[in-house]
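For what it's worth, this note's numbering labels the leading residue of the sequence shown as 1, then goes sequentially. Heads up: the structure comes next, in structure tokens.
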Amino acid sequence: MRAPFLAAMLSLAAMAAHAQNVALAGILGSKALLVVDGGTPRAVAAGEAHQGVRVVSVSQGEAVVDVDGGRRTLRLGEAPVSVATPGAGQRLVLKADARGHFVNTGFINGRVMQYMVDTGASTVAIGLPEAQRMGLKAENGQPVLMSTANGTAQGWRVRLDSVRAGTLELRGVDAIVTPQPMPYVLLGNSFLRAFEMSRAGDEMVLQQRP
Numbered sequence: 001m002r003a004p005f006l007a008a009m010l011s012l013a014a015m016a017a018h019a020q021n022v023a024l025a026g027i028l029g030s031k032a033l034l035v036v037d038g039g040t041p042r043a044v045a046a047g048e049a050h051q052g053v054r055v056v057s058v059s060q061g062e063a064v065v066d067v068d069g070g071r072r073t074l075r076l077g078e079a080p081v082s083v084a085t086p087g088a089g090q091r092l093v094l095k096a097d098a099r100g101h102f103v104n105t106g107f108i109n110g111r112v113m114q115y116m117v118d119t120g121a122s123t124v125a126i127g128l129p130e131a132q133r134m135g136l137k138a139e140n141g142q143p144v145l146m147s148t149a150n151g152t153a154q155g156w157r158v159r160l161d162s163v164r165a166g167t168l169e170l171r172g173v174d175a176i177v178t179p180q181p182m183p184y185v186l187l188g189n190s191f192l193r194a195f196e197m198s199r200a201g202d203e204m205v206l207q208q209r210p
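What follows is the structure, given as structure tokens:
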């Protein structure tokens, strides 16, 4: 029994050593809305913890968190910060929702966004209102014609500085800004093809290529 127990403890220790990326997505009263490794936002009060990240204090526009004795200040609108010792094996596990879609929270140019994985899309696609919220200058991009439900419309091809999903980050990502609003950013193959992708049942895994 001792060998399996030691193996399990070593496995847990290795997991604990992996970097966690934490961002502040909002303030809800006295609670911080935390996004850990691109997961679902969670409201956490001071003194409480989520996935090993303990909230120390919450104030207007920022929160102080603690991970294994190390404190960091998170601010609204800023890119995720690493709050643990970096580890190997960059990997993201997504669970399908009730409709079979893989939806999660990520970041474009350091701004929080909700994305849906779309393996049939050639590029990342962003609705114009969402692009404007993230500070993207769509009008400075390359004009492209797009087919919409109302016929042909003009969109814009842009280059994103960075796209992050969980611990996976890619820089210099091509994207299309569509003239109509969209419920999610579509995470297409201009991002996905940079990673190994596998699916089993309701679970999808994206992993850094060796």
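From the three backbone atoms N, C-alpha and C, an ideal C-beta is built for every residue, glycine too.
Does residue i pass the burial test, meaning 16 or more other C-beta atoms within 10 Å, or should it be called exposed?
i, result
"GLU130", "buried"
"GLY47", "exposed"
"ASP97", "exposed"
"ALA149", "exposed"
"LEU28", "exposed"
"PRO217", "Residue 217 cannot be examined here, being either before or after the span of the chain that is shown, 1 to 210."
"ALA23", "buried"
Note the first and the last residue of the continuous alpha helix (DSSP H) segment covering residue i.
i, result
"ARG133", "128–133"
"SER190", "189–192"
By how many angstroms is the C-alpha of residue j removed from the C-alpha of residue i?
i, j, result
"MET134", "ASP161", "12 Å"
"ARG209", "LEU168", "11 Å"
"VAL64", "PRO183", "31 Å"
"GLN20", "PRO41", "14 Å"
"SER217", "ALA165", "Because the chain spans 1 through 210 in this model, residue 217 falls outside it and cannot be assessed."
"LEU128", "LEU145", "14 Å"
"ARG72", "LEU170", "24 Å"
"THR105", "LEU92", "12 Å"
"VAL53", "ALA25", "14 Å"
"GLY100", "PRO143", "33 Å"
"PRO112", "GLY151", "A small correction: the amino acid at residue 112 is Val; Pro does not occupy that position in the sequence shown. Answer to the nearest angstrom: the Cα atoms are 31 Å apart."
"ASP202", "VAL103", "12 Å"
"LEU34", "ARG159", "28 Å"
"PRO86", "ARG157", "Low confidence applies to PRO86: its pLDDT is 42, below 50, so where it sits in the model is not reliable enough to give any reading."
"GLY172", "GLY141", "14 Å"
"PHE191", "VAL124", "7 Å"
"HIS50", "GLN154", "43 Å"
Helix or strand or just coil, what does DSSP make of residue i?
i, result
"ALA98", "coil"
"ALA149", "coil"
"ALA175", "strand"
"ASN21", "strand"
"GLU62", "strand"
"ALA138", "helix"
"LEU76", "coil"
"SER30", "coil"
"ASP118", "coil"
"ALA46", "coil"
"MET113", "strand"
"GLN180", "coil"
"GLN154", "strand"
Tell me where the beta strand (DSSP E) around residue i begins and ends.
i, result
"SER198", "195–200"
"GLN208", "203–208"
"GLY39", "Where GLY39 is concerned, there is no enclosing beta strand (DSSP E), given that its DSSP letter is neither H nor E."
"THR105", "103–108"
Decide if the segment 53–70 is in contact with the segment 175–192; the criterion is three or more beta carbon pairs, one per stretch, under 8 Å apart.
-> no
Inspect the CB distances between the segment 177–194 and the segment 109–124 and report whether three or more fall short of 8 Å.
-> yes
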